[in-house]
Each structure stands twice: as C-alpha cells, then as structure tokens.
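According to the working numbering, the sequence shown is numbered sequentially starting from 428. We treat Cβ as the ideally placed atom computed from N, Cα and C, and that holds for glycine. Just so it is clear, the structure is predicted and the values come from calculations on it, not from any experiment.
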Amino acid sequence: MQQNHSILIAGGGTAGWMTACLMAQAWPDAQISLIESPDIGIIGVGEGSTPSLKAFFQQLNIPDSEWMSACNATYKTNIRFINWSPASGNSSYSHPFISQLDTFSEKAFYSNCFSRRMGLDFETSPNKFFFNSYLAKAGKAPITPAHFPFRIEYGYHFDSALLGQFLRTKALQLGVTHWPLTIESVTQEPDGRIKALICNDGRVLSADLFVDCTGFSSLLMQKTLAVPFQSFASNLFNDAAVVLPTAALAHLPVETTATALSNGWAWQIPLQHRTGHGYVYSSAFTNADKAELELRTQLGLVDSAVQARHLKMKVGQLQQHWYKNCLAVGLSQGFIEPLEATALHLVQTSVQIFIDQYQFSQATALQQQQYNQQISERFERVRDYIVAHYKLNSRDDSDYWCANRANTELSDSLLQILDCWYRRHDLDQEIKRQQLSSHFGTSSWHCLLSGYGIYPALVATQDQLEKRPDPYQDLQLDAFFSACLLNFMPQQQLLTIYQGT
Ligand SMILES: Cc1cc2nc3c(=O)[nH]c(=O)nc-3n(C[C@H](O)[C@H](O)[C@H](O)COP(=O)(O)OP(=O)(O)OC[C@H]3O[C@@H](n4cnc5c(N)ncnc54)[C@H](O)[C@@H]3O)c2cc1C
428 MQQNHSILIA GGGTAGWMTA CLMAQAWPDA QISLIESPDI GIIGVGEGST
478 PSLKAFFQQL NIPDSEWMSA CNATYKTNIR FINWSPASGN SSYSHPFISQ
528 LDTFSEKAFY SNCFSRRMGL DFETSPNKFF FNSYLAKAGK APITPAHFPF
578 RIEYGYHFDS ALLGQFLRTK ALQLGVTHWP LTIESVTQEP DGRIKALICN
628 DGRVLSADLF VDCTGFSSLL MQKTLAVPFQ SFASNLFNDA AVVLPTAALA
678 HLPVETTATA LSNGWAWQIP LQHRTGHGYV YSSAFTNADK AELELRTQLG
728 LVDSAVQARH LKMKVGQLQQ HWYKNCLAVG LSQGFIEPLE ATALHLVQTS
778 VQIFIDQYQF SQATALQQQQ YNQQISERFE RVRDYIVAHY KLNSRDDSDY
828 WCANRANTEL SDSLLQILDC WYRRHDLDQE IKRQQLSSHF GTSSWHCLLS
878 GYGIYPALVA TQDQLEKRPD PYQDLQLDAF FSACLLNFMP QQQLLTIYQG
928 T
C-alpha cells in the first residue's frame, strides 16, 4: 500500500465500520474516510455471529470484557435447529462450533454415522459428540480457565446498533475520518471508474479506492457501476422477515435457536438486555400480516403492543465483488439468508482477503478476477449448506416445505455431497476433494445430515451387532465431556464479572 493512498468507505453499518477498522489497522499510512448518512438508517438486524468475530476482536486487541459489555453481547456455542425434520424422530439437533476437545470425538461421530448409513443402529445424535452442545445444555460460557489445555470455539450474540457505535469509536481511534453526510450523486472517470461522491452539503469526496457498504441499495456497485446481481431466489425462497423483541431471559442461553414455522423459520437470540426474535419467510407462500401473527402466536404476544418491524431481503450476490476501483462489502455485495448467521463472517473474509491481495502491488485484472472468483465461491458454498436445510426437510404441513423438498435447483457441489452420503462413500474425503473445509467442513455436514436423520431403514439393532465396536460407548464421551464441563462457569456469572471490569 502506497503512502497517502486514499480509501473512501460509503456506509456506516456494521459492514462499513468493520471494514474501516480492518483496513485502518492493516494500512496505517493510508487515508481512510467513512461517509454515512444521518438520514438513512442501518438495517439494524444481524445479531448472531460465527467464530470469525472472535478472530476479528482478537486481531484488534479488544477483549471480550470490553466490547461484550458495551454491546449487551452473550456467547454463542451453537445453533439448535428445532422441528426441521420430524421424520428424524428428534425434535431438535445442534450445529456446534468445533473445538479442540472435539478432536477426541469427531472421528467417533463420523464412524457411527457411517455405521448408521449402513443400516446399523448406532448413536448418531450430533449433540452427544461435541463439547459445545454440552456447554449449551448447561448454559456455561465457552471461556477456558487458565489451566484448561484445549481451545474452545465460539461466536456471539450482540446488539447490532451498539456494535456499530462501538466499532465507530475504535475506527476513529485508528485514525479513520468520519463524514456524517448523505451521498447525493456519484461522478465517474471516462473509463467508468468512480471519481467522486457528491454530498448533500456540496462537498466532493474523491479517493483512489471506494468501498461500497451502502447496504441493500448498493449505491456504488449496482446503481452506479451497474454490476449485475445474481439472485439465489430459485433455490433460497425466503425474501422477507418480521422482527420482534421480548424481555431478556432470566437465564441467558449460549445458543441461538432456529425453529421451523409454517413458511420459514424463527430465530431466538438472547442478549443481556432483551431477546431478539425474527421470522424469516417467503412472501410467495405467506404475507407480512400472517407471518407477524404466526410469530406473535409462537411468542405468546398476540395482544401485545410491542411493535414488529418488517424487512425485505435481497438474496444473492454481485457478479463481481471488486470492480474497477470499487470493492463491495456487506449487504451491498450480497446476502444469503441469516440461517447460519454468516453475513458478518463474509464481510470479514471479503475484507481480509482483499487486504492480503491488495497491499503488495497495484491491482491487476488477474488479481481482481481471482479475488472475485474466491469470494463468489464462498457465497455459493455457504448458500449450498443453507439450501440443504430446506431441501432435506421432512415437514409436510405446508406447500412451502413441500416446494423446498421438491426443489431441483441444486449446485453440482451440493448434489455431489448428497450423492456421496446416500451412496455411503467417505464424506470427509468428498469435502476435502471439493476443498470445502473453509466454508462448512466435514463435521457441519455430518451434523446436518445426521441431525435430519438422513439414514436408511435399520437392518440390525445393537443387540444383534454384539461385538461390533461403538466408539461413542468405548470412548465414554458423555463422562469425558461432563467432567470437562466442571471447568466452566455459568455465562451469567462471567458476564457479571465483565461488567465489573
Ligand atoms: C433479517 C435479517 C437477519 C440477519 N441476521 C444476521 C445474523 O444473524 N448474523 C449476521 O452476521 N448477519 C445477519 N444479517 C445481515 C446483517 O444485518 C448485515 O450483514 C449487517 O448488518 C451489515 O449491513 P450493512 O452494513 O451492509 O448495511 P446497513 O446496515 O444497511 O448499512 C448501510 C449504511 O449505508 C449508509 N448509506 C446508504 N445510502 C447512503 C447514501 N446515499 N449516503 C450515505 N450513506 C448511505 C447508511 O446510512 C448505512 O450507514 C441479517 C440480515 C437480515 C435482513
């Protein structure tokens, strides 16, 4: 990065301020500014993360105790999926973040799943094979005491408005200039590159590099540079959400729940000061009023005066995430519905990969092409994992779920994964062959397929198997994880300690 290189970030939502922090830290010599409209709000949802947010704060040297207290945040060890696949016989299963402790149990899980795929009766509930599920059940914080030798992975729940404010303070401390102005128009060079942003006070802001963080409006990439948008609507049907808060829970869970409803699913995200709820649905199958009523009914809030917010979602991605002298980050670059809370993860990945590639030389067409391909693949592979949740459902209570099951718009990558599972081939090898581990790896796919009960009918019970080894029993995983659990403290207790620091 040359000295005095100037970067102008358009948009001050979570994506804009995360980008500002990461770039300001990576390029202390660059002149970084962020323009954000005081009149156009942020989307104000997006309150769950993956473990990448932990890496983000570690990179910025910000301890949990500081930012979690400021953003009313809680820990997240897993997502629990409720009522997605009644045919599995289980009302719920967990998709945990994988920890070092799970190196003892992962192989046992895969082995048991394989035996069950052969029609043998083995323990295959994901909840029993991963330590984070134990933490979730006990409501304990995933923070290891000093003497505990294994690293635990976790994400967070947080208030997105407070997180934006927190990151703004950090970005300003890192030297970012803040322009609270609205962009009224954009000028371009003769070759189409962005020249300047014209603001509502007449100010003209120019830069070497522009970053579009203007949310779904995608002011620079779509509206100015006319970069085409590739919709995922044919295989992800949800395009709207209704959001409602309730009071904070007395005992704060360390998991997000995702409960299947008649035309989509509802999240529950526990924060320190309130509980976030939202119903993500398809407007082709229900409407806003019905969705709100269904969510209110589920929450026991039919007669409550609590206001609901309704949102539209544009699901898909830009054909190019970096085009000419503009990079798109956040909702402006694309969005995959929030089932696995991957949006901020993709923000971070997009910015980090860009920083890694951009800092050494002037941008070449090849660099741009490689970057776009990398990011596009990440979007597609995350999409595939989420599509599988719908494709494999075994609900028959609405046209919505039947249509999802009948969906044939599946990528080759997803078809190959499902084919591998059904044919009883080695799924771990298939994930490696497709190089999917940086998106959703072997354990995530096993949790999903096993949690949904995607198995053939049993051909033999445990009694008939006699001496066939069962790694779950042999390793005494339940006793092992239960003993490990004694080292961890309840989340409530730890958050109280944080508030006192
Ligand atoms: C229903 C739903 C649930 C979600 N759940 C999750 C989740 O659990 N986890 C997760 O990681 N993500 C989630 N997301 C995504 C998450 O909300 C976003 O990725 C995140 O908030 C970042 O948004 P953003 O900064 O790109 O856009 P926004 O928050 O919309 O910010 C846009 C910014 O651009 C500015 N702007 C726009 N136009 C102009 C202009 N003309 N001039 C100046 N400034 C302008 C605005 O002022 C604002 O500051 C969810 C999204 C939805 C819709």
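Per DSSP, the continuous alpha helix (DSSP H) segment holding Q800 begins and ends at A792 to K818.
For C640, the CB falls within less than 7 Å of some heavy atom of ligand 1. Judged by DSSP in its simplified three-state form, F637 adopts strand. Proximity of the beta carbon of G443 to ligand 1 is indicated: a heavy atom of the ligand is located closer than 7 Å. In the DSSP annotation of this structure, the continuous segment of the alpha helix (DSSP H) that includes W828 starts and ends at D826 to A833. Its chain contains S518, S519, T686, A687 and R822 as the residues whose beta carbon lies nearer than 8 Å to that of N510, once the 5 sequence neighbours on both sides are disregarded; these appear in chain order.
Straight through space, the alpha carbons of V729 and V742 are spaced by roughly 29 Å. Its Cα nearest to that of N627, the residue I467 stands out among H852, I467 and W848. Remark: the shortest separation between the CB of A675 and any heavy atom of ligand 1 does not fall under 7 Å.
Restricting attention to alpha helix (DSSP H) runs no shorter than 4 residues, the stretch 847–889 encloses them at 854–860 and 869–878, ordered along the chain.
In this structure, the CA atom of Q699 is about 12 Å from the CA atom of Y583.
Distances from the alpha-carbon of K739 to those of I763, W749, L726 and C753 put I763 closest. If you look at N505, you'll find it in the beta strand (DSSP E) that goes N505 to I509. Per DSSP, the continuous beta strand (DSSP E) segment holding A623 begins and ends at I621 to C626. No Cβ-Cβ contact shorter than 8 Å links T530 with Y581. The Cβ-Cβ distance between I802 and L766 does not fall below 8 Å. Straight-line spacing of the CA atoms in Q695 and T683 works out to 6 Å.
Nearest in C-alpha terms to P655, of all of S759, E807 and G440, is S759. Bounds of the beta strand (DSSP E) holding Y583 are G582 to H584.
P672 sits away from R630, with the two beta carbons spaced by 8 Å or more. In terms of Cβ geometry, E533 and S870 form a close pair [threshold 8 Å]. Minimum Cα-Cα distance from V886 among the listed residues S542, L841 and H522 corresponds to S542. Using a Cβ distance threshold of 8 Å, L876 and A535 do not count as a contacting pair. Below 8 Å, enough C-beta pairs join the stretch 469–478 and the stretch 429–444 to call them touching: three or more. Distance check between F577 and each of F915, T928, G927 and I924 places F915 closest, using alpha-carbon atoms only.
The shortest C-alpha to C-alpha distance from A677 to any of G566, Y798, T446 and T769 is the one to G566. S645 is classed as buried because its beta carbon has at least 16 other beta carbons within 10 Å across all chains shown. The straight-line gap separating the alpha-carbon atoms of K564 and V681 is approximately 9 Å. In this structure, the beta-carbon distance from N752 to I621 falls below 8 Å. Approximately 7 Å separates the beta-carbon atoms of H873 and L854; this is inside 8 Å, confirming the contact. Membership of R723 in the alpha helix (DSSP H) is indicated by the continuous run A715 to L726. Around the Cβ of A667, a 10 Å sphere holds 16 or more other Cβ atoms; the residue is buried. In this structure, A715 lies away from H748, with their beta-carbon atoms at least 8 Å apart. Linking L608 to L461 through their CA atoms gives a straight-line distance of about 10 Å.
Here DSSP, grouped into helix, strand and coil, assigns C448 to helix. With a cut-off of 7 Å, the C-beta of T769 is classified as near ligand 1, since at least one heavy atom of the ligand falls inside that distance.
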